[in-house]
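Novice: Residue numbers (this note's numbering): 9 to 236. Ideal placement from N, C-alpha and C gives every residue a C-beta, glycine not left out. Sending over a structure as structure tokens; questions will come in a sec.
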Ligand code: G6P
Ligand code: MG
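Here it is as structure tokens:
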């Protein structure tokens, strides 16, 4: 294992909750039902696609012009940015600071594969920008999660092969992306939504270098036995 690739929202910090609250506000304005279970399907999905999914759910897919949709996305982002205004180093999810320093001690490379255009600003506010050797710019990625592209780009930026990577996600689309990139997938969340992951933890405080490394190694050994 030469690299660990992180998702941001819901893995490094609890901004997944703020995306939920901001989209909920937009959906309510449009009188479209919005709940946590529907929100699960939006996790890891880019801004434009998220809005399209919400509008489709409300039977309003073709009600808005491109300019109106742009305005809705801008408004959602304003709500979201207001919610993350006071984000600070203390908002790292439990165990993430410790995991980052363990990875540094073990000379494991670290990258970010988030679909959020707010990601660089969030890393800065959390005080961890310097820990990342690569941060993928989601605007350069043609196909978002569940396509593997963002994770493959992260590996390419680090100069490692997908098989040498473990990646951590809290979204179903994210786990699908990691698996189709051929990487070891670590899911944070409940067994039901993370069932496709190679390793599941219910909370970030359970993550450690040792847990990732032993899981990654077991998975690679199993694949080698299957191949021979
Ligand atoms: C991440 C989050 C999504 C969010 C997307 C785009 O994937 O999980 O909930 O919609 O990023 O974020 P942005 O900050 O660019 O609107
Ligand atoms: Mg996430």
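Is residue 60 close to the ligand MG? I mean its beta-carbon at under 8 Å from any heavy atom of the ligand.
Specialist: For the purposes of this step, residue 60 is taken as residue 52 along the chain shown, with counting starting at 1. Result no, Cβ not under 8 Å from the ligand MG.
Novice: Under the DSSP definition of a beta bridge, which residues are partnered with residue 172?
Specialist: Counted from its first residue, the chain shown places residue 172 at position 164. None, per the DSSP bridge assignment.
Novice: Quick check on residue 64: buried or exposed, where buried means 16 or more other Cβ atoms within 10 Å of its Cβ?
Specialist: Stepping through the chain shown from its first residue, residue 64 is reached at position 56. With fewer than 16 other Cβ atoms within 10 Å, it is exposed.
Novice: Would DSSP call residue 14 helix, strand or coil?
Specialist: Your numbering for residue 14 matches position 6 in the chain shown. Here residue 14 sits in strand by DSSP.
Novice: Since I believe residue 193 is in contact with residue 206 (beta carbons under 8 Å), could you give me their beta-carbon distance rounded to a whole number of angstroms?
Specialist: Start at 1 with the first residue of the chain shown, and residue 206 comes out as number 198. Start at 1 with the first residue of the chain shown, and residue 193 comes out as number 185. Their Cβ separation, rounded to whole angstroms, is 5 Å, which keeps residue 206 and residue 193 in contact under 8 Å.
Novice: Could you have a look at residue 161 and say whether DSSP puts it in helix, strand or coil?
Specialist: Within the chain shown, numbered from 1, the residue matching residue 161 stands at position 153. Here residue 161 sits in helix by DSSP.
Novice: Smallest Cα separation from residue 108: which of 235, 213, 225, 129?
Specialist: Counting from 1 along the chain shown, the entry for residue 108 is found at position 100. Selected option, being the one with the closest Cα: 213.
Novice: Using the C-alpha atoms, what's the distance from residue 231 back to residue 92?
Specialist: As a working note, residue 92 is residue 84 in the chain shown. As a working note, residue 231 is residue 223 in the chain shown. Near 41 Å, if we compare the C-alpha coordinates of residue 231 and residue 92.
Novice: Can you give, in chain order, each stretch of the alpha helix (DSSP H) that sits fully within the region 98-155 and has at least 4 residues?
Specialist: 104-113, 127-134
Novice: Which whole-angstrom value describes the C-beta separation of residue 80 and residue 50, a residue pair presumed to lie in contact below a C-beta threshold of 8 Å?
Specialist: Here residue 80 refers to the residue found at position 72 of the chain shown. Here residue 50 refers to the residue found at position 42 of the chain shown. With 8 Å as the limit, residue 80 and residue 50 do not qualify as a contact, their Cβ atoms being about 14 Å apart.
Novice: Measure the C-alpha to C-alpha separation of residue 209 and residue 47 and round it to an integer number of angstroms.
Specialist: If you number the chain shown from 1, residue 209 lands on position 201. If you number the chain shown from 1, residue 47 lands on position 39. Their backbone Cα atoms lie some 20 Å apart in a straight line.
Novice: Grab the span of the beta strand (DSSP E) containing residue 54 for me, first residue to last.
Specialist: In the chain shown, counting from the first residue as 1, residue 54 sits at position 46. Residue 54 -> no beta strand (DSSP E), and no H or E assigned at all.
Novice: Taking the straight line between their C-alpha atoms, what separation do you get for residue 7 and residue 144?
Specialist: No information on residue 7 is available, as it lies outside the stretch 9 to 236 that the chain covers here.
Novice: Would you kindly report the start and end of the unbroken beta strand (DSSP E) that includes residue 193?
Specialist: Within the chain shown, the letter at position 185 stands for residue 193. That run of the beta strand (DSSP E) goes 192-196.
Novice: Closer than 7 Å by C-beta to residue 156: which residues in its own chain qualify, once you throw out the five before and the five after it? Chain order, please.
Specialist: To locate residue 156, count along the chain shown from 1; it is residue 148. These residues qualify, in order along the chain: 185, 188, 189.
Novice: Within its chain, find whatever has a CB closer than 6 Å to the CB of residue 163; leave out the 5 residues flanking it on each side and keep chain order.
Specialist: Here residue 163 refers to the residue found at position 155 when the chain shown is read from its first residue. Cβ within range, chain order: 170, 173.
Novice: Considering Cα atoms alone, identify which of 180, 216, 220, 225 is closest to residue 45.
Specialist: On the chain shown, position 37 is the one that residue 45 refers to. The residue with the shortest Cα to Cα distance from residue 45 is 180.
Novice: What I want to know is whether the C-beta of residue 103 ends up closer than 8 Å to one or more non-hydrogen atoms of the ligand MG.
Specialist: As a first step, residue 103 is located in the chain shown; it is residue number 95 there, counting from the start. No, Cβ of residue 103 sits at least 8 Å from all heavy atoms of the ligand MG.
Novice: Quick one: is residue 55 buried, meaning 16 or more other Cβ sit within 10 Å of its Cβ, or exposed?
Specialist: Within the chain shown, residue 55 is the residue found at index 47, counting from 1. Residue 55 is buried by the Cβ-count criterion.
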